[in-house]
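Residue numbers (the working numbering), protein chains in the order written: chain A, 1 to 114; chain B, 1 to 115.
Right, one structure below, let's go through it.
So this is what it looks like as structure tokens:
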């Protein structure tokens, strides 16, 4: 079974631009969560989608948004990029919603904002 | 609020030594889940184990073992006979039923295994 895939793997953007990252979950998984990893803040939860609905949201500004499609693939968008948005963005997929299933992570998208 | 503390920032051991990574968690919820992940230099988080709050049985998987103690809110991870390939950052994480799959991570422990 294929794992979680994320595209692109690396991205360089300029301040003020916007970016869209994509995540394809493991086949059959309906939950997709997004995390931001930085050296200073560690791993922080952005949001979770299940059956095309946002179920949980972390403490990030409205510039960070996401969506999920009917095939469970998910995208996250960051508008008006800031230098501090440089990070590794990881997505995770799971069969269910309640935490009683394993969560598997993708390889991440490394975003650099200059 | 939920919180995970990994007090050990970095641990260095020599190959074949045993090493224990500590994890202390805080939550008021009675239903919660604990996880350990490994992050090698490639960056991907590799799932190691999931435990729910009602199952305090210790688990052993090859050279890996986990000790879950609700009385001390700890979920420690031991690697027996460490190998160079075990070098990575290890994260302990917590989720509670109320917030679905949202994981609260500890700061991570860098494990360096020297040959």
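Heads up, the beta-carbon is just placed ideally off N, CA and C, and yes, glycines get one too.
Chain-ordered listing is empty here: chain B has no CB closer than 9 Å to the CB of residue 68 of chain A, the nearest sitting near 13 Å.
Residues of chain B with a Cβ closer than 9 Å to the Cβ of residue 59 of chain A do not exist; the shortest Cβ-Cβ separation is about 11 Å. Under the DSSP assignment, residue 19 of chain B falls in the beta strand (DSSP E) whose first and last residues are 19-21.
Residue 75 of chain A is not a Cβ neighbour of residue 31 of chain A, given a cutoff of 7 Å.
Nearest CB-CB separation between residue 26 of chain B and chain A: not below the 7 Å threshold. Scanning B:68, B:18, B:112 for the CA closest to the CA of residue 24 of chain B turns up B:68. Taken in chain order, the complete beta strand (DSSP E) segments of 3 or more residues contained in the region 27-90 of chain B are 32-39, 46-52, 59-61, 64-69, 74-79.
Among the residues facing chain B, residue 98 of chain A is included, as its CB has a counterpart in that chain under 7 Å away. Listed along the chain, the chain B residues whose CB falls inside 9 Å of the CB of residue 73 of chain A amount to none; the nearest CB is some 17 Å away. Cβ neighbours of residue 3 of chain A within its own chain (closer than 8 Å, five residues either side excluded): 26, 104, 106.
Distance from the CA of residue 57 of chain A to the CA of residue 115 of chain B, rounded to the nearest whole angstrom, comes to 43 Å. Contacts with chain B at 7 Å (Cβ-Cβ) include residue 55 of chain A. Between residue 47 of chain A and residue 41 of chain A a beta carbon distance of about 16 Å is seen, past the 8 Å cut, so the two are scored as non-contacting. An exposed status is given to residue 10 of chain A, since fewer than 16 other beta-carbon atoms sit within 10 Å of its beta-carbon.
Cβ-Cβ distances below 8 Å link residue 15 of chain A to 81, 82, 83, 113, 114 in the same chain, with the five nearest sequence neighbours on each side left out; the list follows chain order. According to the DSSP assignment, residue 35 of chain A belongs to the beta strand (DSSP E) that extends over 31-38. Sorting B:31, B:108, B:97, B:14 by C-alpha distance to the C-alpha of residue 88 of chain B places B:108 at the top. Per DSSP, the beta bridge partners of residue 12 of chain A are A:112.
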